[in-house]
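Take a look at the structure below.
Number of protein chains: 6
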Amino acid sequence: MPNLKIFSDLSHPELAKEICAELQMPFGRANIQIFSNGNPIVEIQECVRGCDVFVIGTQAPPASENFISFCILINALRYASARRITAVIPYLFESRSDKKDRPRIAIVSRLVAQMLETSGINRAIFIDLHAPQIQGFFRLPTDTINGAGLICKFLKQRDLNNYVIVAPDAGEAKKLHPFQELMPQLPLAMLDKRRYAHDEKPIVHKLIGEVGGKIALIIDDEISSGGTIKEAADFFQRLPINEQPSEIRVATTHPILSGSAMTTLNQSGIKELIAINTVPVPETKKQVAQFEFHLLSPAGIIAKTIEIIHTDSSVGEFLDKEYLK
Amino acid sequence: MPNLKIFSDLSHPELAKEICAELQMPFGRANIQIFSNGNPIVEIQECVRGCDVFVIGTQAPPASENFISFCILINALRYASARRITAVIPYLFESRSDKKDRPRIAIVSRLVAQMLETSGINRAIFIDLHAPQIQGFFRLPTDTINGAGLICKFLKQRDLNNYVIVAPDAGEAKKLHPFQELMPQLPLAMLDKRRYAHDEKPIVHKLIGEVGGKIALIIDDEISSGGTIKEAADFFQRLPINEQPSEIRVATTHPILSGSAMTTLNQSGIKELIAINTVPVPETKKQVAQFEFHLLSPAGIIAKTIEIIHTDSSVGEFLDKEYLK
Amino acid sequence: MPNLKIFSDLSHPELAKEICAELQMPFGRANIQIFSNGNPIVEIQECVRGCDVFVIGTQAPPASENFISFCILINALRYASARRITAVIPYLFESRSDKKDRPRIAIVSRLVAQMLETSGINRAIFIDLHAPQIQGFFRLPTDTINGAGLICKFLKQRDLNNYVIVAPDAGEAKKLHPFQELMPQLPLAMLDKRRYAHDEKPIVHKLIGEVGGKIALIIDDEISSGGTIKEAADFFQRLPINEQPSEIRVATTHPILSGSAMTTLNQSGIKELIAINTVPVPETKKQVAQFEFHLLSPAGIIAKTIEIIHTDSSVGEFLDKEYLK
Amino acid sequence: MPNLKIFSDLSHPELAKEICAELQMPFGRANIQIFSNGNPIVEIQECVRGCDVFVIGTQAPPASENFISFCILINALRYASARRITAVIPYLFESRSDKKDRPRIAIVSRLVAQMLETSGINRAIFIDLHAPQIQGFFRLPTDTINGAGLICKFLKQRDLNNYVIVAPDAGEAKKLHPFQELMPQLPLAMLDKRRYAHDEKPIVHKLIGEVGGKIALIIDDEISSGGTIKEAADFFQRLPINEQPSEIRVATTHPILSGSAMTTLNQSGIKELIAINTVPVPETKKQVAQFEFHLLSPAGIIAKTIEIIHTDSSVGEFLDKEYLK
Amino acid sequence: MPNLKIFSDLSHPELAKEICAELQMPFGRANIQIFSNGNPIVEIQECVRGCDVFVIGTQAPPASENFISFCILINALRYASARRITAVIPYLFESRSDKKDRPRIAIVSRLVAQMLETSGINRAIFIDLHAPQIQGFFRLPTDTINGAGLICKFLKQRDLNNYVIVAPDAGEAKKLHPFQELMPQLPLAMLDKRRYAHDEKPIVHKLIGEVGGKIALIIDDEISSGGTIKEAADFFQRLPINEQPSEIRVATTHPILSGSAMTTLNQSGIKELIAINTVPVPETKKQVAQFEFHLLSPAGIIAKTIEIIHTDSSVGEFLDKEYLK
Amino acid sequence: MPNLKIFSDLSHPELAKEICAELQMPFGRANIQIFSNGNPIVEIQECVRGCDVFVIGTQAPPASENFISFCILINALRYASARRITAVIPYLFESRSDKKDRPRIAIVSRLVAQMLETSGINRAIFIDLHAPQIQGFFRLPTDTINGAGLICKFLKQRDLNNYVIVAPDAGEAKKLHPFQELMPQLPLAMLDKRRYAHDEKPIVHKLIGEVGGKIALIIDDEISSGGTIKEAADFFQRLPINEQPSEIRVATTHPILSGSAMTTLNQSGIKELIAINTVPVPETKKQVAQFEFHLLSPAGIIAKTIEIIHTDSSVGEFLDKEYLK
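Here you go:
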């Protein structure tokens with residue numbers, strides 16, 4: 003594949019290497035540093051003039067620094083005359099800030115989209131945006147890889163007969179759609195969260211549907227502090243014994259696992275966490291897990307998507323057939 | 003309020019008049035016609051130079067013609083040197099096309115947002131967008147009035163003890179949030195739709211939660227053909243008798259009621275339809291209804307929002323307190 | 003011609019088919035529908051990634067719906083990653099609204115140009131814009147095919163000795179230039195229209211030049227209601243008998259023929275109407291004509307222009323030599 | 003009128019002074035120079051922060067230098083934080099390059115429009131653009147003062163009974179419209195120009211209409227070299243004596259009168275030249291005229307238009323009523 | 003001053019408070035937090051609709067996070083309908099990356115300028131940009147406060163007879179211009195840095211001018227690691243004793259003082275460091291200084307500049323007269 | 003090199019021819035004229051559709067006319083569908099106006115950058131911008147050829163032992179950097195200019211460094227009126243005889259030599275002027291020189307840069323290695 007180049011910022015070098023390995027390509031050389039005044043600085047170290055460049059960067063903590071470094075890398079490639087720049091962003095910065103649901107807040111993911119455009123991207127690839135509408139914040143072509151495809155492939159290797167899919171709130175219920183499509187035999191349940199007074203946090207109020215004696219598979223697009231899972235687990239424990247699930251297992255796309263998330267998850271008593279390697283999970287975190295922790299690699303599907311885009315084949319059909327877009 | 007002017011296209015003159023009446027203001031004079039070659043043409047008939055103009059237009063069928071006329075009206079105001087133009091759009095064109103969930107479709111509401119920007123608006127006011135993220139498709143300030151406020155005010159005049167809120171599918175479940183906030187005592191149920199084969203339409207598969215013997219209040223943001231309601235009603239009829247609701251009532255923001263929607267609703271056996279007057283419902287449609295049909299006027303809240311924007315007060319606080327944004 | 007694709011909206015399928023036949027190419031597959039809420043929706047059904055796409059659409063009535071559908075089709079192609087999109091627009095929406103000759107009107111064809119840019123076109127091809135300056139409303143390359151070439155080719159097959167070209171008003175006189183260039187032997191006459199009071203419509207006041215005993219060939223770029231032709235014919239009838247033309251024949255580029263235009267033309271007593279197939283003329287209209295009705299196909303010249311653009315040859319030279327640009 | 007400021011470049015200081023005198027305002031102080039390397043440089047010498055600034059500049063020769071200086075002046079005002087900048091351009095640079103009528107030429111007045119936008123104008127005022135569509139090349143509000151109003155006011159002071167309006171070619175015929183509206187009793191004639199071979203210049207071929215024994219009032223929007231007038235005069239002289247006009251008089255908006263134009267006009271034997279002072283006519287040129295030379299000042303109407311815009315009144319109505327827009 | 007509001011991000015609260023105190027204004031209420039996934043999130047807590055808002059943020063380490071938070075704050079204000087937003091940036095992010103002096107690097111301060119524009123600023127105020135040309139990277143009005151004014155005011159309180167200004171390299175020499183203007187009696191010297199081989203770092207090679215026995219006042223716009231000062235001091239020590247300065251004193255605008263900068267400065271043996279409080283200097287750093295450390299507050303001049311801009315007075319004249327722009 | 007085309011405006015035909023000769027390519031045909039009304043007009047006379055076009059133009063006097071003609075040429079190429087347009091600008095218009103160092107002036111080179119973008123360039127190549135930051139005023143890729151490379155190559159053919167490089171002021175000192183890199187053995191001196199009162203011009207006040215008995219090689223990026231050189235020469239003459247240089251030689255990139263510059267240089271008593279042929283120097287000027295006048299051709303390096311860009315090789319590496327970027 004002549005003229006194809008892959009670059010990566012410093013946010014998730016392991017994933018970038020896996021993708022290059024899948025494509026049997028060397029890594030684009032770039033020097034990315036932070037100056038003593040805290041300013042990131044980037045130097046591309048090979049000619050990219052006229053090339054079709056894919057730039058990999060994920061925006062896990064330190065998210066702002068990762069995001070800015072990524073933008074500078076893109077900008078350097080743009081002014082170094084790359085022909086086309088595709089941002090490959092497994093976890094998009096500020097993806098949760100996708101609507102104006104309180105007065106005087108910013109829709110930050112729109113700003114992020116505009117900043118990426120300003121930096122010089124021509125297109126972007128994501129894995130599971132917090133809302134699919136975020137694609138519309140960009141005014142250039144984007145593709146979203148659906149994490150459900152990877153997770154369901156993994157789950158289908160086991161007997162799912164006793165499983166029930168649980169949405170941790172109504173907002174998440176909508177996102178279960180691809181799971182429903184891929185595993186149509188599984189029943190569904192949802193936790194109903196309510197806010198009792200205007201200034202209070204919403205709390206789990208009721209279970210809609212049934213999980214009694216079943217394996218509750220809680221699905222959430224991102225696990226940050228682990229609070230949502232803990233809350234669900236606590237609620238289940240307060241149910242009459244026969245209405246409680248026999249086990250709680252969790253599947254997520256983005257294992258942010260910030261702060262004391264591992265402790266919180268351990269306290270929740272979950273049996274398993276299935277996640278996609280969209281952000282780096284340090285070995286130390288994996289080791290403290292008191293549950294099965296499966297980290298699925300998206301490198302294959304990303305590599306294939308890059309190849310398809312580079313050769314002007316159909317991304318939509320590939321994602322549809324193979325992994326459910 | 004000097005320098006404030008209200009204009010309207012031809013899409014919903016009755017609502018426009020109500021809003022002007024609330025504001026105790028005359029209507030801006032404009033001549034809007036369709037030429038013999040099918041081209042809309044607009045002439046503003048009074049000076050708007052330096053004015054703060056609000057333009058009312060809703061995009062019910064004939065939706066394209068209404069939308070284009072609205073854009074031309076805005077463009078004429080822009081070049082006639084209006085100082086600020088706020089589009090007031092009770093029902094936004096192509097609001098349902100808000101994500102790219104199949105290959106090679108357009109996110110048409112992003113295009114609509116860009117066309118409105120191109121026409122010359124400075125800001126926009128909506129009532130219940132199909133997804134709140136659509137605000138992010140605009141790169142200028144917008145405000146969304148939450149129809150739930152109006153509907154709940156109306157509902158709360160009655161005894162709701164036996165009511166249960168029903169989401170017709172998981173996508174709609176998320177939008178019930180404001181109803182849950184405003185009527186926290188009401189239980190929730192959801193219809194689970196599944197697609198049995200890749201090329202088939204999703205159909206109602208199961209009820210999650212319980213409605214037996216209760217009044218099922220189905221809430222949907224828009225009723226076009228009435229098919230969703232009919233499907234739900236049919237599903238309820240197939241349930242064991244004790245699991246069936248005692249009555250079905252429906253609340254919606256946008257009563258599009260296109261084609262044979264009234265017949266379909268009559269066949270569904272619903273007892274009541276509560277809707278907001280965001281699009282014109284012809285008298286003939288109201289008369290054939292074999293159910294209570296309540297059309298709530300948004301003129302008061304729109305008029306107040308206009309006044310607040312014009313006088314640089316806080317829209318967010320007003321919508322929050324009075325009507326739940 | 004690899005990577006070349008032709009798509010069409012629903013506005014003039016017959017012409018689109020003829021163009022594809024000329025190019026010996028299949029038609030691009032796309033599904034274009036109107037939803038029950040009046041919203042057009044488009045799905046491209048084949049991969050266009052990296053392709054050089056030409057999209058055919060003409061904006062005859064229902065003009066707004068045709069225009070919006072065309073924009074959505076373009077937008078879907080843009081986000082489906084077409085490399086270049088050329089709009090092929092035989093009859094441009096709002097082409098007559100090309101200047102601000104009254105206070106507070108919009109120059110709507112500028113807005114149309116901006117909306118097409120916003121939708122995602124890279125270039126455009128037209129046939130006979132109402133004014134050649136409209137090209138300047140676009141900020142991207144455009145080409146205009148001059149209908150006079152086709153019409154003169156057709157006319158030159160007959161003896162033109164007794165013909166005189168008649169401009170129906172001074173505005174049209176300027177547009178006769180290509181006819182004068184192509185048929186330099188034909189004399190010219192012009193109807194002088196005046197407005198007697200500020201609020202009145204201008205009416206034909208005088209003939210400048212001579213048509214007595216000759217065949218008056220009235221040339222107008224567009225015939226909508228037929229009113230202009232009827233007015234000219236009526237004026238000729240009021241002239242002294244020896245100053246009247248022996249026959250009236252009419253040539254036009256765009257046969258909109260809206261409403262009762264066919265009746266009006268029949269009443270005008272014209273002997274012939276020569277028009278270009280830029281907008282669909284239903285068979286029923288052709289059948290009621292009490293005059294010779296010649297509909298010339300622009301498919302050949304459009305197909306050749308597409309081929310030239312696709313292969314980076316010179317459009318200007320082709321149009322200049324073969325058909326007079 | 004607080005916050006109103008008038009600036010001018012060096013292109014037509016006399017007109018700028020007249021306008022300020024009409025408005026009873028001092029002149030904005032600015033230093034405009036050409037450096038030794040040929041680069042214009044501008045320094046605004048008074049505070050304009052928050053002001054409503056009108057900048058006067060006409061683009062007669064040296065046209066490029068005048069245009070660039072004008073743009074720099076505007077840019078300096080923009081970055082000096084003027085609140086609104088209105089360009090007042092009696093004669094617009096490159097106004098004749100308004101369409102692409104030969105392959106591979108630029109529509110230069112579109113580029114001029116874009117450069118003025120880039121420089122920082124918010125709106126513009128012109129006198130008689132070469133084509134009214136040029137307004138559409140700007141994507142901001144513009145107003146055009148119609149020179150016909152001034153000229154007709156002047157002409158109506160005399161007995162016009164024996165006058166006939168003559169268009170020097172079909173292109174100009176269209177522009178006679180306002181003269182026809184203002185002096186509806188005057189007959190019309192037109193010179194028919196043809197090109198006998200593809201590479202030749204078009205020459206006057208025939209007179210359409212009658213001027214025999216009458217005063218031919220040739221109207222052209224701009225007189226540069228005087229060639230068009232000379233050609234018309236020569237053609238008249240070749241007519242049979244009884245078909246010749248008794249006198250030739252000329253009215254124009256823009257008296258460019260470049261090179262040996264005065265000699266050419268003298269040789270044409272015209273009796274009178276009526277022009278508007280949109281570009282400076284040096285005293286030396288006026289003195290060699292062998293005909294009556296009337297230079298009408300547009301200062302009054304420009305001053306009034308500025309006042310109306312500044313006070314947010316209706317420009318359209320003013321121009322319509324008083325001077326015919 | 004009605005409608006004036008001051009907001010600040012979390013980067014330098016002490017300075018923001020001082021500025022508000024100078025203006026006798028309360029602080030705008032905003033909640034700025036970092037989510038558990040590392041994403042900053044902002045909520046404006048008072049109405050800013052129609053207000054003239056100044057937002058204070060400096061981009062010292064953690065520079066990326068400070069910059070992104072600042073952009074989000076601006077974006078929230080923009081969509082909360084502030085009328086005008088002026089960014090007040092004492093130390094601009096990436097100001098040192100101002101040219102492309104090696105292949106394939108980005109001019110990052112241009113990207114920063116574009117990102118600020120994208121976020122929604124209308125204008126910006128800086129203190130001492132690394133190069134004055136950086137103002138040109140913005141396409142909106144900016145003002146730069148010259149730190150030399152503050153520093154010279156402070157220096158002039160002492161006897162400067164024995165002082166010589168020293169530029170640490172040729173690049174800095176150019177920036178001494180304002181010091182030369184304000185203290186014209188002081189002689190000048192410059193260190194000449196050379197690079198002996200292509201891959202080596204440039205090192206101090208020679209002193210141009212004389213400092214023997216005098217107080218060398220080294221002036222640098224920013225002190226980050228302190229390396230430049232140490233190098234100069236070391237070079238001086240290697241000079242013959244009579245060519246060495248009697249003392250080294252240092253003046254700078256931006257006391258970044260990152261990492262072990264204080265140690266490095268202590269080792270350089272400088273007698274004094276004069277700096278402006280453009281970035282927060284923690285108390286701990288001040289305490290370890292083995293030299294006089296004077297931190298001059300820019301709050302007064304910033305407050306005055308804000309007031310002037312808000313009231314549409316002349317910033318240029320104020321800065322020129324009082325503090326030398 | 004298929005699809006490569008070179009065009010030139012009329013500003014420096016000799017250089018354009020040399021570049022084409024180096025590339026062994028014919029010249030692109032274009033007709034560039036000035037109309038009688040002072041308006042430049044351009045017609046491209048060969049097909050450029052899909053081509054990679056380089057357009058050569060330098061902006062020496064008449065600078066405005068040259069600049070505008072250049073922009074129109076670019077715009078004609080853009081709308082003639084060139085695939086990529088690279089402006090090759092040996093001497094950039096308004097390059098000296100690069101910062102806002104007085105109130106209410108424009109940064110004109112930013113405006114120039116924006117006008118070039120507006121005209122339609124995709125990239126640009128310069129020789130020695132007045133400040134390297136000017137690249138940042140463009141929002142597209144640019145490359146700058148460093149004139150020092152050519153000059154040093156030429157100088158190194160002689161014995162430089164007795165030479166000292168002299169910066170005529172502190173501003174120029176910074177630009178000596180490449181000369182220092184290329185000729186590291188040469189000592190450096192600088193003239194210190196001061197302004198004694200606020201309204202006075204800065205004058206040479208002192209020499210920093212030593213030139214006594216040596217050959218002073220004054221380096222300045224541009225010589226316009228010759229005033230700076232004369233001032234330096236006069237200052238040297240006022241020095242004690244043993245501190246005076248033995249000879250003055252001058253090297254410059256841009257020999258503007260406007261007005262009486264040759265006389266001024268002759269009066270300065272310089273022995274040599276080395277310049278690059280970035281702007282045309284008429285034969286008459288060369289003949290009056292009372293000093294050696296060497297005009298170095300940049301055609302070779304420009305031709306090579308064009309070839310490298312056209313073939314997607316690395317410009318940075320080429321300029322770095324061969325000529326020092």
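Quick note, the sequences are listed as chains V, L, D, W, R and Y, same order. In this text, residue positions in the first sequence follow the numbering used here: the first is 3, and each later residue adds one. In this text, residue positions in the second sequence follow the numbering used here: the first is 3, and each later residue adds one. In this text, residue positions in the third sequence follow the numbering used here: the first is 3, and each later residue adds one. In this text, residue positions in the fourth sequence follow the numbering used here: the first is 3, and each later residue adds one. In this text, residue positions in the fifth sequence follow the numbering used here: the first is 3, and each later residue adds one. In this text, residue positions in the sixth sequence follow the numbering used here: the first is 3, and each later residue adds one. We put the beta carbon where it would ideally sit given N, CA and C, even for glycine. Source: prediction; values computed, not measured.
query, result
"Could you work out which residues of chain Y lie near P143/D, taking near to mean beta carbons separated by less than 7 Å?", "Y81, S83"
"Just mark V44/D as buried or exposed, buried being the case when its beta carbon has 16 or more other beta carbons within 10 Å.", "buried"
"Using a C-beta cutoff of 8 Å, does S226/L count as contacting chain R?", "no"
"For T146/D, which of V90/D, K102/D, L178/D has the nearest alpha-carbon?", "V90/D"
"For R106/L, decide whether its Cβ has a neighbour in chain V, counting only Cβ atoms nearer than 8 Å.", "yes"
"Work out the CA separation of Q47/R and F238/V for me, nearest whole Å.", "37 Å"
"Between the alpha carbons of T120/W and I220/Y, how many angstroms are there, rounded?", "39 Å"
"Please state the DSSP three-state secondary structure of S71/L.", "helix"
"Between the beta-carbon of M27/R and the beta-carbon of H312/R, is there less than 8 Å?", "no"
"Which class does R51/D belong to by DSSP, given the choice of helix, strand or coil?", "coil"
"So what's R240/W in DSSP terms, helix, strand or just coil?", "helix"
"With DSSP collapsed to three states, give me the class of T265/W.", "helix"
"Can you check whether the CB of F295/W is closer than 8 Å to the CB of K273/W?", "no"
"Using the beta-carbon of each residue, which ones in chain V are nearer than 7 Å to G52/D?", "D314"
"Three-state secondary structure (DSSP) at P42/D?", "strand"
"If you count every other CB in all the chains shown that lies within 10 Å of the CB of L113/D, and 16 or more means buried, which is it?", "buried"
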